[in-house]
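This report concerns only the one structure given below.
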Amino acid sequence: MEKEHTVTPEDGEDTAILKVRGLSKTFDHVVALDDVSFDINSQEVLGLVGDNGAGKSTLIKLVSGVYRANAGKVVFGGRQVEFNSPRESRDSGIEVIYQDMALVDELEVWENVFLGRQLRHGFGVIDRKRMIEEAASLLERLGLGSLSPTTQVGYLSGGQKKGVAISRALYWDTRVIFMDEPTAALAVIEIQRVLELIERLREKGVAVVFVSHNLKEILGVTNRIIVLHRGQLTGILDTKETDEDEVIRLMMGGEN
Ligand SMILES: Nc1ncnc2c1ncn2[C@@H]1O[C@H](COP(=O)(O)OP(=O)(O)O)[C@@H](O)[C@H]1O
Ligand SMILES: [Mg+2]
Numbered sequence: 241m242e243k244e245h246t247v248t249p250e251d252g253e254d255t256a257i258l259k260v261r262g263l264s265k266t267f268d269h270v271v272a273l274d275d276v277s278f279d280i281n282s283q284e285v286l287g288l289v290g291d292n293g294a295g296k297s298t299l300i301k302l303v304s305g306v307y308r309a310n311a312g313k314v315v316f317g318g319r320q321v322e323f324n325s326p327r328e329s330r331d332s333g334i335e336v337i338y339q340d341m342a343l344v345d346e347l348e349v350w351e352n353v354f355l356g357r358q359l360r361h362g363f364g365v366i367d368r369k370r371m372i373e374e375a376a377s378l379l380e381r382l383g384l385g386s387l388s389p390t391t392q393v394g395y396l397s398g399g400q401k402k403g404v405a406i407s408r409a410l411y412w413d414t415r416v417i418f419m420d421e422p423t424a425a426l427a428v429i430e431i432q433r434v435l436e437l438i439e440r441l442r443e444k445g446v447a448v449v450f451v452s453h454n455l456k457e458i459l460g461v462t463n464r465i466i467v468l469h470r471g472q473l474t475g476i477l478d479t480k481e482t483d484e485d486e487v488i489r490l491m492m493g494g495e496n
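Quick note, the sequence shown lines up with residues 241 to 496 if you use the numbering used here.
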């Protein structure tokens, strides 16, 4: 029998929607993540930076149930969680948007928004009309009103696809969204759109974890930044109080 979980602030912190404590992951002899701890607050954009191989994607996969940690814990919404699959974490309110999002090109926008979680009438029949309407109003709220919910996703630009993925996340009452390099391989104008969407999500009370190699983007859109170097956390920075030089220094390990 699971005991009753309550929100118990740790470390004097009570606005954290997600707490990561001592998370570690080893692949054979590679220590991909080593005893990493930090908090993610609601209505916060947290930057996650580090060189290739620093452990950024591993961290996201541990929190979202793709991998199992060797040590450490994740506390989400006040209770310790251990997801066995990305599906489980998503159903609880943690969404991950990868560079190649799991959208189906052959399906229409609304079908992608409701993929695997269709709305039905009381008597079990799929409610297509309502899903199209809901998708349209979501897109509208995200400033993507020019996008028709009945367009096939394969015809959309990279930035528009990201918009669809984010709409999907918003609809399903997502509390935390991890975006693993969402701006990589996008045109400049589309990067701007994605950054605006991140801003909208924050306004809606979602916590966003944003991974990017572009420090200008990171410094422009985040509230705080966490830095990884070879699996170790080398810094938790207040964006207003840091600069590119400091971030780069911590990305290289933090000495000098
Ligand atoms: N599935 C895996 N099997 C073996 N090694 C892995 C696996 N995933 C990641 N790694 C290793 O873990 C380290 C961190 O990788 P990753 O989390 O992908 O870094 P990042 O996303 O910061 O580039 C790297 O050394 C990488 O080679
Ligand atoms: Mg990665």
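Just so you know, even glycine gets a beta-carbon here, dropped at the ideal spot from N, CA and C.
TODO: May I have the straight-line CA-CA distance separating Ala425 from Asn324, to the nearest angstrom?
DONE: So the two alpha carbons sit approximately 30 Å from each other.
Open item on the list: Using a 10 Å radius around the Cβ and a threshold of 16 neighbouring Cβ atoms, would you call Phe363 buried or exposed?
Closed with: exposed
TODO: Could you confirm whether any beta carbon from chain C is found closer than 8 Å to the beta carbon of Met419?
DONE: Absent from the structure is chain C; it holds one protein chain and no more.
Task: For review: beta carbons within less than 6 Å of any heavy atom in ligand 1 - done: Phe267, Val270, Ala272, Gly290, Asn292, Gly293, Ala294, Gly295, Lys296, Ser297, Thr298
Open item on the list: To test your reading of the DSSP string, which unbroken alpha helix (DSSP H) runs of 4 or more residues are found completely within the region 454–482?
Closed with: 455–461
Task: Coarse secondary structure for Asp485, derived from DSSP in three states - done: helix
Task: Identified DSSP bridge partners for Asp420 - done: Val451
Open item on the list: Please report the distance separating the alpha-carbon of Gly290 from that of His469.
Closed with: Taking the straight line joining both Cα atoms gives about 6 Å.
TODO: Count the other C-beta atoms from every protein chain shown that fall within 10 angstroms of the C-beta of Asn292, then say buried if there are 16 or more, exposed otherwise.
DONE: exposed
Open item on the list: On the criterion of 16 or more Cβ atoms from any shown chain inside 10 Å, does Asn454 qualify as buried, or is it exposed?
Closed with: By the Cβ neighbour-count rule, Asn454 is exposed, with fewer than 16 other Cβ atoms within 10 Å of its own.
Open item on the list: Let me confirm a value: Gln358 is counted as buried when at least 16 other C-beta atoms fall within 10 Å, else exposed. Which label applies?
Closed with: Gln358 is exposed by the Cβ-count criterion.
Task: Contact belief for Ile438 with Val285 at Cβ below 8 Å, rounded distance in angstroms - done: The pair is a contact, with the Cβ atoms about 6 Å apart (cut-off 8 Å).
TODO: Determine the closest residue to Ile280 out of Leu258, Lys301, Asp274, with distance taken between C-alpha atoms.
DONE: Leu258
Task: Residue burial classification, Lys369 (beta-carbon count within 10 angstroms, cutoff 16) - done: In summary, Lys369 is exposed, with fewer than 16 beta-carbon neighbours lying within 10 Å of its beta-carbon over all protein chains present.
Open item on the list: Does the distance between the C-beta of Asp420 and the nearest non-hydrogen atom of ligand 2 fall short of 7 Å?
Closed with: Because some heavy atom of ligand 2 lies under 7 Å away, the Cβ of Asp420 counts as near it: yes.
Task: At least three beta-carbon pairs within less than 8 Å, the region 398–409 to the region 336–355 - done: yes
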